[in-house]
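Numbering (full-length UniProt numbering), first residue to last: 1 to 271.
Glycine is no exception: its CB is placed at the ideal position from the N, C-alpha and C atoms.
Here's the structure we're looking at; comments come further down.
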């Protein structure tokens with residue numbers, strides 16, 4: 001009788017050594033550096049790897065390696081994983097969760113403190129970055145929110161499916177604060193990564209409408225409806241624009257739609 005329980009995927013820390021030269025002439029010397037990576041096995045048997053930062057947190061770009069290459073070039077470091085990585089990842093998760101709870105209770109300065117603490121450990125942590133940006137938006141600190149917005153646009157991980165609810169909330173809050181140009185840049189960045197999400201195009205149409213561009217908004221709505229003829233909210237929005245154009249009273253347009261954003265990258269931290 002065979003066992004139907006799937007095998008547990010390998011996850012742990014591995015190390016390798018790199019070397020480079022410093023200086024010139026007689027002062028030139030070779031410097032060796034030990035590099036630690038978090039590696040996690042994927043469904044296809046390959047491994048997603050990500051370097052550990054100075055705080056032993058996975059951070060930065062993700063690289064895919066074949067199992068053979070990982071085992072040939074890297075050395076397992078189980079003690080680093082258990083004694084360094086696991087505790088700091090747990091601490092990070094608890095810190096961000098405290099920030100989320102403070103924000104939900106409108107304790108916004110306490111929320112900022114927790115998110116800033118998390119970002120001190122990993123400056124590119126997605127949930128902490130979203131949380132900090134939303135905190136600034138709720139405090140009407142547009143300049144600080146703008147700074148976070150610029151950071152989020154360059155973080156491709158911010159547009160992954162596991163952060164969908166935060167992505168949507170941040171876009172909606174920017175629009176409600178009148179940050180229409182920023183919201184459009186934000187959605188445009190997501191569109192670069194996922195051009196087949198009609199909900200994203202719908203939200204862009206709503207932003208354009210509130211920015212005062214109903215004609216362009218209509219074009220986006222028509223595109224979203226072509227992509228999904230059963231998109232009822234989109235159809236209602238177009239009917240709203242038609243009624244409004246005729247000078248008749250009309251109910252408000254439907255709310256923002258949850259976007260699909262893009263597929264998640266396996267092994268990405270900060271979820």
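Pick from 182, 83, 66 that is closest to residue 13, judged by C-alpha positions
On the chain shown, position 13 is the one that residue 13 refers to. Checking every option, the nearest Cα to that of residue 13 belongs to 83.
Distance CB(residue 221)-CB(residue 193) smaller than 9 Å:
Locating residue 221 in the chain shown gives position 221, where the first residue counts as 1. Locating residue 193 in the chain shown gives position 193, where the first residue counts as 1. No, they are not a contact pair.
If you draw a straight line from the alpha carbon of residue 264 to that of residue 11, how long is it in whole angstroms?
As a working mapping, residue 264 is identified with position 264 in the chain shown. As a working mapping, residue 11 is identified with position 11 in the chain shown. Note that residue 264 scores 31 on pLDDT, short of 50, meaning its location in the model is unreliable; the coordinates nonetheless yield the value given after this. Their Cα atoms are separated by approximately 18 Å.
Are there three or more Cβ pairs, one per stretch, closer than 8 Å when the stretch 120 to 128 is compared with the stretch 103 to 112?
no
In chain order, what residues of the same chain have a beta carbon less than 6 Å from the beta carbon of residue 47, not counting five sequence neighbours either side?
Indexing the chain shown from 1 puts residue 47 at position 47. 39, 41, 65, 70, listed in sequence order.
Are residue 141 and residue 175 closer than 9 Å when you measure CB to CB?
As a working note, residue 141 is residue 141 in the chain shown. As a working note, residue 175 is residue 175 in the chain shown. The answer is no: Cβ separation not under 9 Å.
Alpha carbon to alpha carbon, how far is residue 203 from residue 135? Give it in angstroms, no decimals.
Here the question's residue 135 lines up with position 135 in the chain shown. Here the question's residue 203 lines up with position 203 in the chain shown. Residue 135 and residue 203: Cα-Cα distance of roughly 22 Å.
Is residue 133 closer than 9 Å to residue 170 when the C-beta atoms are compared?
In the chain shown, residue 170 corresponds to position 170, counting from 1. In the chain shown, residue 133 corresponds to position 133, counting from 1. Yes, the pair counts as a contact, with Cβ atoms nearer than the cut-off.
Pick helix, strand or coil for residue 193, following the three-state DSSP scheme.
Along the chain shown, one-based indexing puts residue 193 at 193. Residue state, collapsed to three classes: helix.
Please tell me whether residue 129 and residue 158 are closer than 9 Å, where the distance is taken between their beta carbons.
Here residue 129 refers to the residue found at position 129 when the chain shown is read from its first residue. Here residue 158 refers to the residue found at position 158 when the chain shown is read from its first residue. Yes, these two residues count as a Cβ contact at 9 Å.
Buried or exposed by the 16-neighbour rule on C-beta atoms within 10 Å, applied to residue 190:
The residue given as residue 190 occupies position 190 in the chain shown. Counting Cβ neighbours within 10 Å, residue 190 comes out buried, since at least 16 surround it.
Nearest CA to the CA of residue 162: which residue from 187, 79, 126, 152?
Indexing the chain shown from 1 puts residue 162 at position 162. Measuring from the Cα of residue 162, the nearest candidate turns out to be 126.
Residue 221 by DSSP, collapsed to three states: which one?
To locate residue 221, count along the chain shown from 1; it is residue 221. Looking at residue 221 - three-state DSSP - the assignment turns out to be helix.
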